[in-house]
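Residue 438 in UniProt numbering sits at position 438 of the sequence shown, with consecutive numbering throughout. Below you'll find the structure, written out as structure tokens, and then a few comments.
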Amino acid sequence: MARPRFRRTRDGLVVTAALSLALTGCGGDAGSGEGGEAATAPGADAITEPIEIEFWHSMKEKNELAIKAMVDDFKKVNDKITVKPVFKGDYDQMVVAYKQAVQQEATPPLVQIYDIGSRFMYDSQQVVPMYKFIELDKFDQNANIEPNIASYYTIKNKLWSMPFNSSAPLLYMNADAVKKAGLDPDKPPATLDEVGEWAKKLTVKEGGTVTQFGFNAALYGWFVEQLTAQDNAEYCDNGNGRNGLATKVNFGTGAGPKFAQWLGDLVKEGYATNTGRPTDQAQNAFKTGTIALHLESTSALGGYTEAAKGKFELKTAPFPKVSESSSGGTIIGGASLWINAVGHTDAEKRAAWEFVKFSNTPEQQAKWHEATGYVPVNPQAKANDNPNFQVAVTQLRAQQPSAATSGCLLGVMPEARKAAEVGLEQAVPAGAGQEPRTPAEQAMQNAAATLQTPIQKYNANVEQ
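Now the structure itself:
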């Protein structure tokens, strides 16, 4: 089959949506083994001599060091298997590298793919579904994987990949600022309206200049996904893409425009600052101590804790709901591990599973959590007793898995997240006293509409 074409965007090299599934159907051409439902999970006897496997990942800096430490620990108890970790760039760059590897028949035995790449990996027909190893080894999934984390990576009631680095959304607070305003950080705002009311009280002006903004958050599509789930609504149709191929996204109505309007109003009225789409810019603003309330992932907690030392007291709270009537919950973020089948020997597949299984042990999950700040995937792992982190664990375990909280399975989900961000950019003014480029409802509807053609083309490729 023809190789997919690529194009350049401001987000880097990405595969065109129309060709994002060009690799579907090429699985049988890439060497030994079949992928997808037809794949088989080899037993422990598949490894008869020393073997080395590559593990492609997207972890950098301290997180990459944590992966290397895990690999070293694994080697101590598995002398026949050598795992070679290979950094392949950020999450988007990883997907590009993986698609190229499929075309070149050179995928690694083990790869880390972010949450919103799950539908693509499922449709690729390249992998051994994780549930096949689970069933073969009688691995106790319920005892070893948090149900609300497993649900994201569960397709047709079966686990297809192993959750690895999982994160949850939180409301971060500058507790000193909150107390100074006469508010109680131990009784945090629970809805967008309540956050907005707090933001107004927390905004400080000196001589007509704002010295502390009440609220800030990146124009991040992940927040639209979270608020949609909090509203117990589905981000895409067909049961969030779990009852069949999703044919449209729903963020043009409901929580999407509500969030855009709410944030746009706060910025226009001078109670929030617009730092744009890059999450690092919003994070840096909060670290300065001049932002009172802020939305981010648990993955930022370690950095915020360090930045706040000697500057302000940091506290966290559950991620806000759209309204008091919202009955849903949050969605897990992060990435999972996939074992490739096509082009790989039984020994390679088994070696990959042995490492995956090791990474999930309570001991390794506790070490990984302490080193990185990610939520422990294994409920038996000892979590950090930091009360700011415990908020995330409590939030996760308090909700029941549902179609809404399992997230949207969509082949072009990366494009969908970016489209939601474009909608937010249009709906949120640049600063105080300014008007949005497009009214919130229209902005989010326009953004959702841009996905129709990519979705249709993706689905047409899957159905061929």
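Built from N, CA and C at the ideal position, the CB exists for glycine as well. Please read all numbers here as calculations on a predicted model, not as lab measurements.
Which parts of the stretch 217–288 are runs of the alpha helix (DSSP H), unbroken and 4 residues or longer, counting only runs that do not cross its ends?
-> 221–230, 237–241, 255–268, 279–287
From Ala430, Tyr235, His57, Ala101, pick the residue whose C-alpha is nearest to that of Glu269; which is it?
-> Walking along the sequence shown from the start, residue 269 turns up at place 269. It is Ala430 whose Cα lies nearest to the Cα of Glu269.
Just to confirm, are Asn250 and Asp265 a CB contact at a threshold of 8 Å?
-> Taking the first residue of the sequence shown as 1, we reach residue 250 at position 250. Taking the first residue of the sequence shown as 1, we reach residue 265 at position 265. No, the pair does not count as a contact, with Cβ atoms beyond the cut-off.
Under 8 Å Cβ to Cβ from Ala432, same chain only, skipping five residues before and after it: list those, please.
-> Reading the sequence shown from its first residue, position 432 is the one you call residue 432. Here the set comprises Val210, Val267, Lys268, Glu269, Gly270.
Using 8 Å as the Cβ pair cut-off and three pairs as the minimum, do the stretch 386–396 and the stretch 208–223 touch?
-> Taking a contact to require three or more Cβ pairs closer than 8 Å, the stretch 386–396 and the stretch 208–223 do not qualify as touching.
In three-state terms, what does DSSP make of Leu192?
-> By one-based count along the sequence shown, residue 192 stands at place 192. If DSSP states are grouped into helix, strand and coil, Leu192 belongs with the helices.
Counting along the chain, where does the alpha helix (DSSP H) carrying His369 start and finish?
-> In the sequence shown, residue 369 corresponds to position 369, counting from 1. Counting along the chain, the alpha helix (DSSP H) containing His369 begins and ends at 362–372.
Let me know the secondary structure DSSP gives Gly36 once reduced to three states.
-> Indexing the sequence shown from 1 puts residue 36 at position 36. Gly36: helix per DSSP, three-state reduction.
Beta-carbon gap between Phe286 and Gln226 smaller than 8 Å | On the sequence shown, position 286 is the one that residue 286 refers to. On the sequence shown, position 226 is the one that residue 226 refers to. No, the Cβ-Cβ distance between Phe286 and Gln226 is not below 8 Å.
Return the residue from the list His369, Gln452, Lys80, Val428 that minimises the CA-CA distance to Lys62.
-> As a working note, residue 62 is residue 62 in the sequence shown. The candidate whose alpha carbon is nearest that of Lys62 is His369.
Close beta carbons around Ala371, own chain, < 6 Å, minus the five adjacent residues each side | In the sequence shown, counting from the first residue as 1, residue 371 sits at position 371. So the qualifying residues of the chain are Ala66.
Using CA coordinates, which residue listed in Glu324, Ile339, Asp73 is at the minimum distance from Asn34?
-> By 1-based counting over the sequence shown, the position of residue 34 is 34. Strictly speaking, residue 34 in this sequence is Glu, with Asn absent from that position. Comparing Cα-Cα distances from Glu34 to each of Glu324, Ile339, Asp73, the minimum goes to Ile339.
Of the residues Tyr114, Gln452, Gly407, the one placed nearest Ala419, counting alpha carbons only = Here the question's residue 419 lines up with position 419 in the sequence shown. The option with the nearest alpha carbon to Ala419 is Gln452.
Span of the beta strand (DSSP E) holding Tyr98?
-> Residue 98 sits at position 98 when you count from the first residue of the sequence shown. DSSP places Tyr98 outside any beta strand (DSSP E); the residue lies instead in the alpha helix (DSSP H), whose first and last residues are 91–103.
In angstroms, rounded to a whole number, what distance separates the CA positions of Asn384 and Pro362?
-> Counting from one through the sequence shown, the residue named residue 384 turns up at place 384. Counting from one through the sequence shown, the residue named residue 362 turns up at place 362. The straight-line gap from Cα to Cα measures roughly 13 Å.
Put Leu23 into one of helix, strand or coil per three-state DSSP.
-> Position 23 of the sequence shown, counted from the first residue, corresponds to residue 23. Residue placement at Leu23 cannot be trusted, given a pLDDT of 44 that sits under 50; what the coordinates show is reported in the next sentence. Three-state DSSP puts Leu23 in coil, outside helix and strand.
Does the stretch 304–312 come close enough to the stretch 87–105 that 3 or more CB-CB pairs lie under 8 Å?
-> no
Alpha-carbon spacing of Phe223 relative to Thr288, whole angstroms = Along the sequence shown, read from residue 1 onward, the residue named residue 223 stands at position 223. Along the sequence shown, read from residue 1 onward, the residue named residue 288 stands at position 288. Distance between the alpha carbons of Phe223 and Thr288 is about 22 Å.
Quick one: is Asn378 near chain C, going by C-beta distance under 8 Å?
-> Of the chains in the structure shown, none is chain C; there is only one protein chain.
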